[in-house]
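Comments concern the structure below.
There are 2 protein chains.
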Amino acid sequence: MNAPSFVNRQWFYVKRPEGRVGPEHYELRESQLSAALAHNEVIVQAHYFSVDPYMRIQQHQRDTYDVPHPLDIVQQGGVVGRVVASASERFAEGDWVYGYNGWQLYAKCHANELTKLDPAQAPVTTALGVLGMPGRTAWFGLMEAGRPRPGDTLVVSGAAGAVGSLVAQFGKRAGCKVVGIAGGADKCRFLTERLGLDAAVDYKAFADVEGLAAEIQRVSGGVDVYFDNVGGRVTDAVIPLIKRRARIVICGAISQYDGGLDTPDLAPRFLQHMLFQRATIQGILARDFLLRMPEMVAQVAPWVKNGEIVFEETLVDGFEQLPAALGSLFEGRNLGKLLVRA
Amino acid sequence: MNAPSFVNRQWFYVKRPEGRVGPEHYELRESQLSAALAHNEVIVQAHYFSVDPYMRIQQHQRDTYDVPHPLDIVQQGGVVGRVVASASERFAEGDWVYGYNGWQLYAKCHANELTKLDPAQAPVTTALGVLGMPGRTAWFGLMEAGRPRPGDTLVVSGAAGAVGSLVAQFGKRAGCKVVGIAGGADKCRFLTERLGLDAAVDYKAFADVEGLAAEIQRVSGGVDVYFDNVGGRVTDAVIPLIKRRARIVICGAISQYDGGLDTPDLAPRFLQHMLFQRATIQGILARDFLLRMPEMVAQVAPWVKNGEIVFEETLVDGFEQLPAALGSLFEGRNLGKLLVRA
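Protein chains in written order, with the numbering used here: chain Z, 2 to 343; chain R, 2 to 343.
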């Protein structure tokens with residue numbers, strides 16, 4: 002007797018982008034996934050796909066923090082879904098789970114690869130955002146590398162994004178004056194009105210770095226902690242504004258991901274500011290804090306449950322939208338965490 | 002009755018340089034220094050003048066780590082000299098002392114401003130070098146910010162200079178593989194033959210950054226600690242070679258001091274490497290460790306006494322040579338610590 006099977010759809014990563022990534026670098030393939038399960042195997046149907054800037058880093062030719070994402074395999078990524086078949090005593094049909102299952106509608110997983118989610122504790126999509134990788138990055142990046150102190154001025158670039166919007170709020174809770182930098186008036190309103198930041202700067206409103214720097218200086222009065230998600234011209238503007246013993250956290254450089262990691266562009270030298278201010282720069286990655294996830298969740302989950310923290314999501318509907326959604330990250334159109342719903 | 006007086010000669014800093022500093026930015030003035038002393042006053046006759054790259058930093062227009070050096074005062078700087086008149090019970094005529102007395106043959110000082118030197122313990126000039134500010138910078142910069150571990154690969158730029166030559170040797174003592182970068186074959190021979198480094202790279206032998214980087218990679222195999230005294234193209238070459246959790250110590254950027262601090266030039270962006278390798282950059286200044294000087298001396302003075310450490314000096318004769326000697330630092334003609342002898 003044949004086991005039933007699932008009609009699977011998968012986005013294969015088939016071509017390395019040179020500039021902006023998009024649908025032309027992916028192929029949508031259909032196949033049958035047999036429902037036959039070995040002991041401890043589980044089939045998960047994806048409901049929400051995480052779309053993250055790091056995916057584009059892994060598509061660069063040069064070694065980055067990983068070897069490049071292999072071609073001709075399913076695009077890797079975090080997924081929230083439900084169990085539709087289970088040969089594990091730990092998972093029942095209907096359970097919500099998180100897994101690194103990639104861009105496919107169905108995935109056959111070992112039970113050990115999955116984390117069970119409790120929808121009564123928090124919306125399941127938070128496993129891809131505030132209680133997942135972006136939350137972990139924001140929490141440990143700010144607390145461990147940024148070392149905020151009450152009264153410090155924290156400047157966050159990409160402040161309306163998945164990580165930045167959390168960093169900004171964690172900074173407020175740590176007693177900092179927080180200035181967010183984002184692109185466009187809507188995002189800036191979100192920062193001051195929804196997140197309660199002390200000030201927001203729309204970098205798109207400034208044609209040159211000097212004007213942008215003057216505005217950041219005006220509203221911040223100088224920078225004790227700079228949490229950087231974007232790099233590029235915004236960072237060029239912020240670094241000369243650092244104060245004595247400033248901490249600069251390099252969490253991302255999204256402005257450079259369209260190809261600038263393979264062929265870096267030119268920017269003014271700035272290491273002298275590190276010397277003059279005896280400042281530090283530290284690069285951080287979410288994976289470094291993976292095993293400390295429970296620490297972050299213990300701190301942040303109660304804030305989520307009590308509605309004390311804003312975790313905005315931008316939802317794109319349709320599995321077929323995944324490659325375009327990834328490309329849209331680099332246009333800065335998302336507010337908070339970008340998700341694709343199957 | 003008039004007290005006798007000393008014929009003093011003083012180098013006044015009178016004009017801010019835009020590019021290379023030289024005699025045209027100074028004026029030599031002669032005056033009488035009365036030998037009349039208040040209680041606890043001491044007159045010191047200078048014998049050795051310290052000539053240091055930081056002096057040029059303080060001549061930049063922009064604020065650096067200090068307000069700019071004021072015009073129309075005697076050039077500040079460290080001096081080793083002898084007491085020629087004393088109204089302090091702590092100092093007798095003939096005593097060797099260190100003081101921050103500036104570029105003048107005689108200085109009237111409060112006893113509290115002077116440190117007595119013991120010529121039996123170490124050559125008195127070491128108070129301006131290995132047992133003075135450069136030694137302190139090298140020791141704490143490497144040990145506290147660089148955090149070398151046995152087996153690490155340490156790359157030092159400006160490795161034949163006052164600080165770099167000490168960092169390189171401290172790195173060997175810490176169990177590192179040490180690669181020195183310097184300008185010219187003579188300096189490179191000094192690094193491998195006198196200091197016993199594992200390899201030396203002559204940056205002047207490479208026309209482009211790529212060639213220089215390839216050679217540093219070849220001899221180092223990648224960089225765990227980079228102690229940077231020079232900045233500029235050498236640093237452009239080293240940073241992409243850092244390994245996981247590398248520590249970059251910014252101690253100086255002498256290649257930029259001819260005017261590049263006021264008008265930074267352009268260089269390839271590199272912060273992505275900090276991210277990929279979860280590396281740190283830390284700026285350090287000698288002054289941050291001033292009160293920990295005894296710790297450094299306790300470690301290093303026995304090595305000096307036992308001849309276990311090379312502390313090369315380049316001696317320029319003649320008080321009138323001081324401004325030209327300062328300018329010569331930026332041509333890289335000195336080996337080890339540059340001193341002017343009165």
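C-beta: ideal position from N, C-alpha, C; glycine also. Just so it is clear, the structure is predicted and the values come from calculations on it, not from any experiment.
| Query | Result |
| --- | --- |
| Contiguous alpha helix (DSSP H) assignments of at least 4 residues, all confined to the region 13-97 of chain Z | 55-58 |
| Whole-angstrom distance between I217 (chain Z) and A151 (chain Z), CA atom to CA atom | Here residue 151 (chain Z) is Pro; the residue named in the question, Ala, does not match the sequence. Those two C-alpha atoms are separated by around 20 Å. |
| Proximity of R288 (chain Z) and I285 (chain R) at Cβ, strictly below 8 Å | no |
| Chain Z contacts from the region 273-288 of chain R (Cβ-Cβ distance under 7 Å) | Q273, M275, L276, F277, Q278, R279, A280, T281, I282, Q283, G284, I285 and L286 |
| Rounded separation between I243 (chain R) and H274 (chain R) - CA only | 8 Å |
| Where I282 (chain Z) sits in the DSSP three-state scheme | strand |
| Under the three-state DSSP convention, the category P269 (chain Z) falls into | strand |
| Alpha-carbon to alpha-carbon, M297 (chain R) and P295 (chain Z) | 42 Å |
| Cβ neighbour criterion (16 or more within 10 Å) applied to A299 (chain Z) | exposed |
| Cutoff 6 Å; reference M2 (chain R); Cβ partners in own chain excluding five residues on either side | Residue confidence for M2 (chain R) is low, a pLDDT of 45 falling below 50, so the modelled location carries little weight; the figure read from the coordinates is stated next. Result list for M2 (chain R): empty, nothing under 6 Å. |
| Proximity below 8 Å, CB of G100 (chain R) to CB of A108 (chain R) | yes |
| Which of helix, strand or coil DSSP assigns to G253 (chain Z) | coil |
| Bridge-paired residues (DSSP) for I182 (chain Z) | Z:S158 and Z:V202 |
| Three-state secondary structure assigned by DSSP to Q122 (chain Z) | coil |
| Against chain Z: residues of the region 13-32 of chain R by CB proximity under 8 Å | none |
| Residue from R:A37, R:C110 and R:R17 whose Cα sits closest to the Cα of G46 (chain R) | The displayed chain sequence assigns Gln, not Gly, to residue 46 (chain R). It is R:C110 whose Cα lies nearest to the Cα of Q46 (chain R). |
| Outcome for R248 (chain R) when other beta-carbon atoms lying within 10 angstroms are tallied against a minimum of 16 | buried |
| Three CB pairs or more closer than 8 Å across the region 24-37 of chain R and the region 46-56 of chain R | no |
| Helix, strand or coil at P318 (chain Z) according to DSSP, with G and I counted as helix | Note on residue identity: the sequence assigns Asp, not Pro, to residue 318 (chain Z). Strand at D318 (chain Z). |
| Distance CB(V226 (chain R))-CB(Y204 (chain R)) smaller than 8 Å | no |
| Enclosing alpha helix (DSSP H) for V301 (chain R) [first to last residue] | M294 to K306 |
| Residues that DSSP places opposite C177 (chain Z) in a beta bridge | C177 (chain Z) is not bridged to any residue. |
| Inter-residue Cα distance where the pair is A1 (chain R) and V179 (chain Z) | As shown, chain R starts at 2 and ends at 343. That puts residue 1 (chain R) outside it, with no answer to give. |
| Interface partners of D209 (chain R) on chain Z, CB under 8 Å | Per Cβ cutoff of 8 Å: no residues; D209 (chain R) is ~15 Å from chain Z at best. |
| Chain-ordered chain R contacts of L267 (chain Z) [CB-CB under 8 Å] | L267, A268, P269 and R270 |
| Three-state secondary structure assigned by DSSP to A214 (chain Z) | helix |
| Distance, D119 (chain R) Cα to G197 (chain R) Cα | 29 Å |
| Segment contact, 8 Å Cβ cut-off, at least three pairs: the region 247-267 of chain Z with the region 180-189 of chain Z | no |
| Proximity below 8 Å, CB of S166 (chain R) to CB of I182 (chain R) | no |
| Sequence-distant residues of its chain with Cβ nearer than 7 Å to N230 (chain R) (five each side left out) | S158, G159, G162, V164, G165, C252, G253 and I255 |
| Proximal residues to V210 (chain R) (C-beta, below 7 Å), its chain only, five neighbours per side dropped | R234, D237 and A238 |
| Rounded straight-line distance, which links the Cα of I282 (chain Z) to that of A326 (chain Z) | 31 Å |
| Neighbour flag for T65 (chain Z) against chain R, beta carbons, 8 Å | yes |
| Counterpart residues of Y227 (chain R) in DSSP-defined beta bridges | R:V156 and R:I249 |
| Contact check, F171 (chain R) vs A208 (chain R), beta carbons under 8 Å | no |
| Assumed close pair R83 (chain R), W97 (chain R) - CB separation to whole angstroms, cut-off 8 Å | 6 Å |
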